[in-house]
Amino acid sequence: MLKSNKTNAAHIEFTSRCNLRCIYCAVSQPGYKGIDLPSETLEMIIEFIKQRKVKIVCASGHGETTIYRDWHLYCNKLIENRMRLHIISNFAKTFSIDELETLSRFDTIEISCDTSDPDLFGKLRRGARLERLISNLENLHKITEKNDRKLPTVSFSCVVSDKNVFRLKNYVNFGLDYGVKHFNFCNLLSYPPLRDEIRPAHVTEMSLEKMKRAYLILKETFAFLERSGIEYHLQQSLMDSLEEKIHLLDSTGSEYRSDPPECDSTEKTKDFKNPLKTRDCLDPWSFFLVESSGNVKPCCWHASVGSVSKGQSLNAILNNQQIQTLRKGLLTGNLSPYCQRCPSRGWTSIENFKKKVAQYLTPDVLSRFFFSKKSSLKTAPKKPYEIVFQSGWYSVEENSDTQEPEWKTWRWMARRAICFVKNPFKPSTFIIRGRIHKKNFPDQKVSIKIGDRILDEFVPPDAAFYKEYQISTQMLGRDAQVILNIQTNRFFIPAECEPGSRDCRELAVQIHEIYFGKRI
């Protein structure tokens, strides 16, 4: 478990130079000097990625990729090898037709944008104008339509701070107006303040009253995105630190102020060993980042574990002693200082994390999702109301070999799935029947909501489960549609588990039947 011979995602930092000087970025610090990755090194990395059959390549690092000479031509080479390309860009320069053509072939584009307020945007992202970002986005829409090409999934990346947290609802609606399909909410990292500029503060540095308001706004924003079927990602340490601080102040009545997370600090930290907990992070097994200096990192927050500029091969670096020590620390809870201070990953039990690593490294995990045991679970009654499957669902699949008709077909759901039915305004029955991978995910929890109301949260005692609920008229609410929101805390991606698999779907629960109809 200390070695990994496959990589799911790689980041290439074409350059650490940037055309902006954002308030909360290391690029804005005095003495910062950006450099470009030598073209011959970039060519070598591209060849290695092709040979290793990396599934997802992020053509980004700390700088702005689109100011690197001929950046789009190098990206075209990766696209032509059927790799899914991702880029993080500030969209602050005016793109040429050729650059827009390349961007239109990307799988996902993440745009650094924290607010819909043009004035605040300019103060946070110094050197950028919100109008130019919008113009580039509109031109990208035009060129995809012209070429009859599907628009890449566009994401907004938002650094949450005291300056924008109370305006998140306007920000989300602004993004939706311009076709944004995903939102990424990031934890603020602390750098020495700049004298002549506003200083965004971490949300935990606010007063208790404001922290509680911010917490509610964040929860309301996430709930709105879920109801709308819009995907989002949250750096869990953001909410963890906020919840912990609120709980601390509520329980002590103190105005204690903790320091916000730090970035790449060299301060020494005592060895940390927790017999039960570790960081929920597969990056050292499934990811690598090559910086413009040639340094190779196992994640975005850790120090380098080798350098291709010193004649070391990427293949050797990805299983050297340094990275194996890091992996061992995660497997045992004996975390490095970088992992202890990680602003991005949440906590999990060591037992579950070992299973997660084993799942990533084990080639036959997908086949084990199909269970041979017969089930005596009952089936749902007939004549249901029509159910519309919205987001988080995949097409119906079939196992023609099974002798149990009720388990013959299913839909995979992602970790979050939404469907709805026309509100009958009368008592109803809701039934859900499905399967989880109990062997690999013994603690997999399923959560079901009707609208904003939590209907149930349960950990199935067996792989197959059957749940039946009687829904009152009051629970249905007064809206024209009843929204069913199903979530779970565990999932897998076949391409990360099955050698040769190109299935990059996020699979969580097999749902064999959902019934919503007249009360039985």
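My numbering runs 2 ahead of the 1-based position in the sequence shown. The beta carbon of each residue, even a glycine, is placed where N, CA and C say it ideally should be. From a predicted model like this one, the values you see are computed outputs, not experimental measurements.
Quick one: residues in its chain with C-beta nearer than 7 Å to the C-beta of residue i, no 5 flanking neighbours on either side, listed in chain order?
| i | result |
| --- | --- |
| Leu379 | Low confidence applies here, because Leu379 scores a pLDDT of 46, under 50, leaving its location unreliable; read the following figure in that light. Only Arg435, Ala466, Tyr468 meet the Cβ criterion. |
| Ile145 | Leu102, Glu103, Ser106 |
| Gly394 | Met415, Ala416, Arg418, Ala419, Ile420 |
| Gly331 | Leu337, Ser338, Cys341 |
| Leu39 | Glu15, Phe16, Thr17, Ser294 |
| Arg281 | Leu332, Leu337, Cys341, Cys344, Arg347, Trp349 |
So the candidates are the options; which of them puts its Cα closest to the Cα of residue i?
| i | options | result |
| --- | --- | --- |
| Asn442 | Gln489, Asn10, Ile513, Glu353 | Glu353 |
| Asn92 | Val161, Ser209, Thr280 | Val161 |
| Ile69 | Leu509, Ile37, Ser449 | Ile37 |
| Ser230 | His88, Gln314, Gly453, Asn138 | Gly453 |
| Arg236 | Asp252, Asn336, His204, Pro345 | A quick correction: the sequence has Leu, not Arg, at residue 236. It is Pro345 whose Cα lies nearest to the Cα of Leu236. |
| Glu508 | Thr475, Tyr396, Val29, Lys148 | Tyr396 |
| Asp150 | Leu142, Glu45, Asp445 | Leu142 |
| Leu478 | Cys506, Glu459, Phe518 | Phe518 |
| Arg455 | Lys440, Gln476, Gln446 | Gln476 |
| Thr334 | Gln314, Ile319, Lys356 | Lys356 |
| Met208 | Asp242, Pro194, Ile319, Val167 | Val167 |
| Ala305 | Ser311, Lys312, Gly313, Ile325 | Ile325 |
| Gly313 | Ala28, Met46, Met213 | Met46 |
| Arg169 | Lys214, Leu191, Asp119 | Asp119 |
Within this structure, are the beta carbons of residue i and residue j separated by less than 8 Å?
| i | j | result |
| --- | --- | --- |
| Tyr76 | Ile48 | yes |
| Gly63 | Ile14 | yes |
| Cys115 | Leu135 | yes |
| Ser159 | Ile90 | yes |
| Ile51 | Ala12 | yes |
| Trp412 | Ile513 | yes |
| Ile450 | Ile488 | yes |
| Asn21 | Glu66 | yes |
| Val484 | Asn425 | yes |
| Phe185 | Ile232 | yes |
| Leu23 | Gly124 | A quick correction: the sequence has Arg, not Leu, at residue 23. Not in contact: Arg23 and Gly124 (Cβ atoms no closer than 8 Å). |
| Pro154 | Thr96 | no |
| Asn297 | Ser309 | yes |
| Thr302 | Cys283 | Note on identity: in this sequence residue 302 is Cys, with Thr being the wrong assignment. In this structure, Cys283 does not lie closer than 8 Å to Cys302 by Cβ. |
| Phe187 | Tyr234 | yes |
| Leu240 | Asn189 | yes |
| Pro429 | Val448 | no |
| Leu244 | Thr206 | yes |
| Gln31 | Pro194 | yes |
Counting only the same chain and skipping the five closest in sequence on each side, list residues whose C-beta sits under 8 Å from that of residue i.
| i | result |
| --- | --- |
| Lys171 | Ile219, Glu222, Thr223, Phe226 |
| Trp287 | Ser6, Arg329, Val359, Tyr362, Leu363 |
| Asp139 | The sequence given here places Leu at residue 139; Asp does not occur at that position. Counting only Cβ-Cβ distances below 8 Å, and skipping sequence neighbours, we find Phe93, Ile113, Val156, Tyr180, Gly181. |
Does DSSP put residue i in a helix, in a strand, or in coil?
| i | result |
| --- | --- |
| Ala419 | strand |
| Glu269 | Here Glu269 scores only 35 on pLDDT, less than 50, and its place in the model should not be relied on; the value that follows carries that caveat. Glu269: coil per DSSP, three-state reduction. |
| Leu122 | helix |
| Cys506 | coil |
| Trp73 | helix |
| Pro426 | coil |
| Trp64 | A small fix is needed here, since residue 64 is His in this sequence, not Trp. Note: His64 maps to coil in three-state DSSP. |
| Lys520 | strand |
| Pro386 | strand |
| Lys451 | strand |
| Ile488 | strand |
| Lys380 | Here Lys380 scores only 47 on pLDDT, less than 50, and its place in the model is too uncertain to base an answer on. |
| Gln472 | strand |
| Tyr362 | helix |
| Glu515 | strand |
| Thr350 | strand |
| Ile325 | helix |
| Cys24 | strand |
| Gln342 | helix |
| Ile434 | strand |
| Phe371 | The pLDDT assigned to Phe371 is 44, lower than 50, so where the model puts this residue is not dependable; a value taken from the coordinates is nonetheless given after this. Phe371 falls in the helix class under three-state DSSP. |
| Val461 | coil |
| Cys160 | strand |
| Trp395 | strand |
| Thr206 | helix |
| Val167 | helix |
Excluding five sequence neighbours on each side, which residues of the same chain lie with their C-beta closer than 6 Å to the C-beta of residue i?
| i | result |
| --- | --- |
| Phe391 | Cys421 |
| Glu498 | Asn10, Tyr362 |
| Leu126 | Ile25, Asp116 |
| Ser256 | Here the model assigns Ser256 a pLDDT of 48, short of 50, so the residue's position is not dependable, and the following value carries that caveat. If we look at Ser256 and ignore the five residues flanking it on each side, it has no Cβ neighbours. |
| Leu251 | Leu210 |
| Val511 | Met415, Gly436, Ile438, Thr490 |
| Arg86 | Ile58, Asp109 |
| Asp72 | none |
Just to check, is the beta-carbon of residue i closer than 7 Å to a non-hydrogen atom of the ligand SAM?
| i | result |
| --- | --- |
| His204 | Only the bare structure without any ligand can be found here, which leaves the ligand SAM out of the picture. |
Hey, residue i and residue j are a contact pair by Cβ (cut 8 Å); roughly how many whole angstroms apart?
| i | j | result |
| --- | --- | --- |
| Phe427 | Tyr471 | With 8 Å as the limit, Phe427 and Tyr471 do not qualify as a contact, their Cβ atoms being about 17 Å apart. |
| Ile473 | Val423 | That pair is no contact at about 11 Å. |
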